[in-house]
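What follows is one structure encoded as structure tokens, with my remarks underneath.
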Amino acid sequence: MSDPKTFFLDEEEIPFEEGQTIIQAALSAGKFIPHLCYHPEFKPHGSCKLCTVRIDSRTVTTEDGQSVKIPGRAAASCTTPAQEGQHVESEVPEILDLRRTLVQMLLVEGNHYCPSCEKSGKCMLQGLAYDLGVMDPHFPQYFSKREVDASHPDVLLDFNRCILCELCVRASAEVDKKNVFALSGRGNTKHLICNSESGKLGDTNLAATDKAANVCPVGVILHKRHGFEVPYGQRRFDIAPISDNPVQYAPVKEQV
Amino acid sequence: MPNGNSNGSGDSAVVEAALLRHGGDGTRLMQILREIQEQTGWLSPDILTRVAEGTRLPRGRIEGVAGFYHFFHTEPLGRYRVLWSDNITDRMAGNADLMARMCKKLWLKPGRVSEDGLVSVDTTSCTGLCDQGPALLVNYRPVTRMTAERVDQIVELIRHQTPLAEWPAEFFTVEDNIRRKDALLGADFQPGDALKALKSPQEVLDAVKESGLRGRGGAGFSTGQKWDFCRAALGSGANPAHYVVCNADEGEPGTFKDRVLLSSYADMVFEGMTVSGYVIGAKKGLVYLRGEYRYLLEPLNAVLEKRRAAKLLGQSILGRTGFDFDIEIHMGAGAYVCGEETALLESLEGKRGVPRKRPPFPVTSGYLGQPTAVNNVETLASAALITAKGAAWYKAIGTPKSAGTKILSISGDCERPGIYEYPYGVKVSQVLADCGARDTQACQIAGASGLCVAPNEFGRRIAFEDIPTGGSFMVFDNTRDMFQVARNFAHFFVHESCGFCTPCRVGTTLLANAMDKIDEGHGGEYDINDIWRVIRTLKTASHCGLGQTAGNCVADTLQKFRPSYELRLNVRDFEPAFDLDKALSKMREVTGRDDPGAHFHIAHRKSRAGLGTKAGDPS
Ligand SMILES: Cc1cc2nc3c(=O)[nH]c(=O)nc-3n(C[C@H](O)[C@H](O)[C@H](O)COP(=O)(O)O)c2cc1C
Ligand code: SF4
Ligand code: SF4
Ligand code: FES
Ligand code: FES
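Line by line, the protein sequences are chains P and Z.
Count the first sequence with my numbering and you get residues 2 to 257, in order.
Count the second sequence with my numbering and you get residues 138 to 756, in order.
As structure tokens, then:
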């Protein structure tokens, strides 16, 4: 085998295989890049933009001897193929600030009352917010009216917390081959729908063991009769921050 | 005319017929849903279920598509559906008062259906009739030049349930308003001129390259190069093919030149598509026509029929064996984002109009995954002209970097709004003089996503190397409030964001809300800082051009027309350098005036006619 190809992530050399995206190579090398809609088992689609990085910024020296930085292009690292010799900036103030803004945008868009949320402590949105040092949602809350769907015998949907990452949509289509979830509306009316004329989850063929029922990174798709099983202090992100264990980046499978 | 009261058995016959016409092909979902809705008035839950069965697609997919497009309705919306165009130019022409008058007379609230299920009245994004506004669509047919009198007439017609076919024909007159012709609009071009001049595909390609033709839809990519990439790419899978797509979505606020080209120069556009097909090796061309231009569908199909009869389309064009090409028109259904070429392709395939990730680019993987050349209407007409008249002739027009001419759609504060064709390189000041603009405060060039130009920049030129534009050119005189222009555009992007990515889905709403807050007199420097933060996020992180440019106008006006913001800011957070209203008090004494126009305070300014009226509610 020839020498592995490499690129630079915040000046650190990262090996990659042809065809890998920046985030895949980074995570495999134990380097964390924040992400919400990326999941190693599904086709990346690049919607949350948390994984945004800057690629190939340049520094030029002007005639009067000043050095000026020309920012490279910004791109979602989950959909951008890694390329030999590329310079990728991730943990830099501008990008960290951008990610904090994106988390805040998601926090005001939905209704995230974390203390009463079953996912608290293992929610990726919450975990990222802590990790990035997001102190408050900052922007005015939407206080949007969203429903809870309790029609399914085993699974509960609390749409208040949906971040529209489409992981459940992709899981149901790609793995379960059931297409239980889809999206409707657009812009700020975009929302998750269930594949039934009534619109109810109970009228779909979702099973609690489906991939789609176990992939939500936040607290929307919850299993009934399970709740707050792990005591405070021992929950996933109580033990270690989300960025500490890049390999375990995917949402953990629920015990059912 | 649609009847809002759908009845079960009639509906199912309509659904079956539509499915049959399209062979139950799910990639034709947009056309299936539109044709059904034109008969039933809306898409009821059981219709969606039936379409899902008939196309063998998940029901959620069908519901998701129906829920994406503004012109598909999953709730009944009345037998008469009135949509007022709500571009800033319609606002300036007084659409808000006219719509209020209509609603009052019909005992209606905007966005609601009347209790008898007869009528609903609402707003919609720019309908491409800015030179003859205020405009509206009634059951997707345009009515131009609305006046109070016309409102009253329409109210009567609706009350008496007069079918649209019996409404006065002059209501539906759409003028071309061509004010200046140049190389393209003034050309002596007969159908077939370009096809008769065809040499080998390689030679035609070389000519298009040599002519220097660049895309007229906004991005300005070399047309020859695009065709070259597409021609070189291989089709794949079970049905390998190449496709030509004509982007006739024309959704950029203030643009209407493609409407005029399709109304009066359709042969040239279709001929350009045929030339493109000849070069890239495509047998099929698709026109994606925006839903607002539904009224052009029958006339355009008639032109296609004529071309087929003249052997300019179909099998063995002009008797050349192996030169087969035909064109089909697909209708959009009210979504600005579908002008973005990859969202357009998704829509053509019967999906939600969400931009794809790139690479792959459409030239290698476009419609149905096959190599596809997507071009703007004007680009294709220009390509036909070049093929007929020669590359050198064309290249000599315009500037060295911008060959040829550009058609501008001019609207707003000027005596002669309409269509103006210029060689590239024309100065903004020249354009303003020609259209009879006076006391011009600003021009918005290239639409809501474009550039807001102040008087000290009127010496700049329309060209790829200076001010590139798809053609929108809106003029604002000294009486206009540039803050409200920006606020109108901010709301436009809220309505039109596809909602795929976080920065745009949330950022456009946050931006519009901040502008509303300032408008209501509650904003301060804190909100301005937030606005900058949101604009940065939109620009850096958005998935497609819509989100990336959604903050442009607010950014431009904040920089160039700062006083229009400052006089609204709440002093608790911000102390203006001086009190504008107080500064005017001396002049009020001298002139003996005390009317709203002589004040700078927000309450006074808001009362000015046509200004400060609330933009359509974001949701
Ligand atoms: C949000 C958005 C809307 C667009 N709308 C249009 C449009 O209405 N018509 C158009 O020709 N191009 C539009 N474009 C540009 C197209 O993506 C594409 O560049 C163009 O169709 C290519 O054709 P051309 O090379 O002939 O200009 C839009 C782009 C974006 C990002
Ligand atoms: S329900 Fe969960 S997995 Fe599905 S889109 Fe919403 S946040 Fe993502
Ligand atoms: S930028 Fe806006 S329109 Fe474009 S993909 Fe994102 S949400 Fe959709
Ligand atoms: S993780 Fe890349 S865009 Fe969401
Ligand atoms: S803790 Fe509430 S959604 Fe994650």
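Ideal placement from N, C-alpha and C gives every residue a C-beta, glycine not left out.
Please list the partners that residue i has in chain P, where partner means a Cβ-to-Cβ separation under 9 Å.
i               : result
N666 of chain Z : Within chain P, no residue comes near N666 of chain Z; the closest Cβ sits about 11 Å away, beyond 9 Å.
R198 of chain Z : N180, A183, N196
V152 of chain Z : The contacting residues do not exist; V152 of chain Z stays about 14 Å from chain P at best.
L647 of chain Z : M106, V109, F140, P141
F205 of chain Z : L184, S185, G186, R187, K191
May I ask whether a heavy atom of ligand 4 can be found less than 7 Å away from the beta carbon of residue i?
i               : result
H139 of chain P : no
G128 of chain P : no
V644 of chain Z : Residue 644 of chain Z is actually Gly in this sequence, not Val. False, no ligand heavy atom lies under 7 Å from that Cβ.
L51 of chain P  : yes
S244 of chain P : no
C38 of chain P  : yes
A77 of chain P  : yes
Of all the options the options, which has the alpha carbon lying nearest to the alpha carbon of residue i?
i               : options                        : result
N376 of chain Z : Z:S337, Z:G506, Z:E465, Z:G197 : Z:G506
P242 of chain P : P:I222, P:C124, P:D137, P:E18  : P:C124
A302 of chain Z : Z:Y217, Z:R457, Z:V511, Z:N593 : Z:Y217
P700 of chain Z : Z:Q621, Z:P537, Z:T677         : Z:Q621
K488 of chain Z : Z:V188, Z:R193, Z:L706, Z:F205 : Z:F205
L545 of chain Z : Z:E558, Z:G535, Z:A533, Z:K538 : Z:E558
L449 of chain Z : Z:D227, Z:G469, Z:M410         : Z:M410
H120 of chain P : P:V69, P:P41, P:Y233           : It is worth fixing the name first, because residue 120 of chain P is Lys in this sequence and not His. Here the closest residue by C-alpha is P:Y233.
S484 of chain Z : Z:P497, Z:V151, Z:L274, Z:I466 : Z:I466
A480 of chain Z : Z:A189, Z:A623, Z:G418, Z:R493 : Z:R493
G111 of chain P : P:R236, P:Q127, P:F17, P:R147  : P:R147
N196 of chain P : P:L207, P:V181, P:L108         : P:V181
K363 of chain Z : Z:S262, Z:K246, Z:T509, Z:D227 : Z:T509
G607 of chain Z : Z:P338, Z:E703, Z:Y561         : Z:Y561
R598 of chain Z : Z:V563, Z:A385, Z:H659, Z:N666 : Z:V563
I want to verify the contact list: residues of chain Z whose CB lies under 7 Å from the CB of residue i, in sequence order.
i               : result
K50 of chain P  : C638, T639, P640, A678
P141 of chain P : N650
Can you say whether residue i is buried or exposed, counting buried as having 16 or more other CB atoms within 10 angstroms of its CB?
i               : result
G265 of chain Z : buried
D289 of chain Z : exposed
M619 of chain Z : buried
V149 of chain P : exposed
L433 of chain Z : buried
L332 of chain Z : buried
G160 of chain Z : exposed
N593 of chain Z : exposed
V631 of chain Z : buried
E153 of chain Z : exposed
H297 of chain Z : exposed
L455 of chain Z : exposed
I169 of chain Z : buried
Against residue i, what residues of chain Z qualify as contacts under a CB-to-CB distance less than 8 Å, listed in chain order?
i              : result
T80 of chain P : K494
A75 of chain P : T677, A678
Taking residue i as the query, report the chain P residues whose CB atoms sit under 8 Å from its CB, ordered along the chain.
i               : result
S634 of chain Z : R187, G188, N189
G201 of chain Z : A183, L184, S185, I194
List, in order along the chain, the chain P residues whose C-beta lies closer than 7 Å to that of residue i?
i               : result
T411 of chain Z : Per Cβ cutoff of 7 Å: no residues; T411 of chain Z is ~34 Å from chain P at best.
V631 of chain Z : G188, N189
G191 of chain Z : Neighbours of G191 of chain Z on chain P: none; closest Cβ ~15 Å, over 7 Å.
Given the structure, does residue i come close to ligand 3, in the sense that its CB is under 7 Å from one of the ligand's heavy atoms?
i               : result
P45 of chain P  : no
F637 of chain Z : yes
L683 of chain Z : yes
C827 of chain Z : With chain Z running from 138 to 756 in the structure shown, residue 827 of chain Z is simply not present.
V474 of chain Z : yes
H224 of chain P : no
What residues from chain Z crowd round residue i, counting only those whose CB sits closer than 9 Å?
i              : result
T63 of chain P : Here the premise fails: no neighbours, minimum Cβ distance about 23 Å.
Kindly examine ligand 1 and report whether one of its heavy atoms sits closer than 7 Å to the Cβ of residue i.
i               : result
E483 of chain Z : no
D122 of chain Z : A question about residue 122 of chain Z goes unanswered here, because the residues of chain Z that appear run from 138 up to 756.
N513 of chain Z : yes
A585 of chain Z : no
K363 of chain Z : yes
F98 of chain Z  : It is not possible to answer for residue 98 of chain Z, since the shown part of chain Z is limited to 138 through 756.
Just the chain B side, please: which residues come within less than 8 Å of residue i by C-beta, in chain order?
i               : result
T674 of chain Z : The structure shown has no chain B; the protein chains it does contain are P and Z.
Fill in: Neighbouring residues (CB closer than 6 Å to any heavy atom of ligand 2)
P:C163, P:I164, P:L165, P:C166, P:E167, P:L168, P:C169, P:L193, P:V216, P:C217, P:V219, P:V221, P:I222
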